[in-house]
Amino acid sequence: IIAEFIIGNLSNGFIVLINCIDWVSKRELSSVDKLLIILAISRIGLIWEILVSWFLALHSLAIFVSGTGLRIMIFSWIVSNHFNLWLATILSIFYLLKIASFSSPAFLYLKRRVNKVILMILLGTLVFLFLNLIQINMLIKDWLDRYERNTTWNFSMSDFETFSVSVRFTMTMFSLTPFTVAFISFLLLVFSLQKHLQKMQLNYKGHRDPRTKVHTNALKIVISFLLLYASFFLSILISWISELYQNTVIYMLCETIGAFYPSSHSFLLILGNAKLRQA
């Protein structure tokens with residue numbers, strides 16, 4: 005997990021650095037580059053949160069965290085994970101609107117206003133964030149009330165494990181919406197590419213035209229996000245079970261797999277971006 009922590013900070017820091025240098029030199033930055041900067045910053049925060057969570061779980065220190073400290077720790081995780089997931093999803097939507105070709109009036113309307121659409125979606129996701137924070141705060145308050153009534157070690161440990169699973173379950177439920185949206189974007193990109201290839205065949209053109217290449221690159225980025233987040237999602241699910249059965253080895257393995265997602269996907273984004281790749 006330490007290696008993934010280092011790789012994640014370097015790759016995400018590289019994305020922020022190169023785009024900021026480009027921003028300063030050109031006095032302007034494209035929408036996708038702005039998204040990449042915010043996404044990279046949120047992933048740096050998420051990677052640090054994973055490291056802190058891993059350290060506390062390894063030494064069974066989370067239970068000693070005060071009410072305020074517990075809220076700061078969990079809320080920081082929620083905020084960083086929220087923006088990390090939703091920004092990656094918005095990036096998928098951006099590729100869909102920019103690259104895909106559909107004749108639907110609604111799609112064409114959104115395509116012409118892609119920057120406004122992205123901004124509105126980003127602002128709209130704050131509703132999910134606030135609802136998530138409210139739900140988690142209720143769980144924290146309930147657990148702290150029970151903890152203050154009975155402070156014996158056995159009660160505290162078992163109840164904290166139940167509380168931890170409830171928090172993870174709530175966060176996962178709020179993660180399903182952006183994951184579903186990203187998956188739909190992927191399917192629409194595949195459908196658009198299929199239509200484009202059929203059109204190329206009718207016109208007796210090869211499959212290596214620029215538009216096909218753009219479609220393919222976008223699909224690689226979106227599918228890598230879906231696969232890596234699916235592994236992240238699965239690692240959280242398994243960690244629930246391991247936490248309930250107090251299997252530290254499996255729990256640590258799941259944390260390691262979880263850290264692989266924000267680290268490796270940013271590295272793939274660098275490879276898929278011409279400017280970052282050349283730098």
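In this note's numbering, the protein residues as written are 5 to 283.
Yeah, the Cβ is synthetic: ideal placement off N, Cα and C, and Gly gets one too.
Please read these numbers as outputs of a predicted model, since none were measured by experiment.
Per the coordinates, the alpha-carbon of Leu-43 lies some 6 Å from the alpha-carbon of Asn-88. The segment 273–283 makes contact with the segment 20–34; the number of CB pairs closer than 8 Å reaches 3 or more. Rounded to whole angstroms, the Cβ separation of Thr-174 and Leu-143 is 7 Å, and the two are in contact under 8 Å. When the beta-carbon positions are compared, Leu-193 and Ala-110 stay at least 8 Å from each other.
Here DSSP, grouped into helix, strand and coil, assigns Ser-108 to coil.
Of Thr-184, Leu-133 and Val-169, the smallest CA-CA separation from Ile-242 is found for Val-169. According to the DSSP assignment, Ser-15 belongs to the alpha helix (DSSP H) that extends over 6–30. Leu-127: member of the alpha helix (DSSP H) spanning 118–153, first to last residue.
DSSP places Leu-280 in the uninterrupted alpha helix (DSSP H) bounded by 278–282. Considering only Thr-93, Leu-133 and Val-218, the residue with the shortest C-alpha distance to Ile-122 is Thr-93. Cβ atoms of Ser-196 and Phe-271 stay farther apart than 8 Å, at about 26 Å.
Scanning its chain for C-beta atoms nearer than 6 Å, with the 5 sequence neighbours on each side dropped, one finds around Leu-95 the residues Leu-39, in chain order. Per the coordinates, the alpha-carbon of Val-56 lies some 22 Å from the alpha-carbon of Phe-178. A straight line joining the alpha-carbon of Ile-97 with that of Ser-267 spans about 21 Å.
By the neighbour-count definition (other C-beta atoms within 10 Å, threshold 16), Ser-29 is an exposed residue.
The DSSP-derived three-state label of Leu-91 is helix. The shortest C-alpha to C-alpha distance from Thr-166 to any of Trp-147, Glu-152 and Phe-183 is the one to Trp-147. Non-local C-beta neighbours of Asn-13 in its own chain, meaning closer than 7 Å and more than five positions away in sequence, comprise Ile-48 and Ile-51, ordered along the chain.
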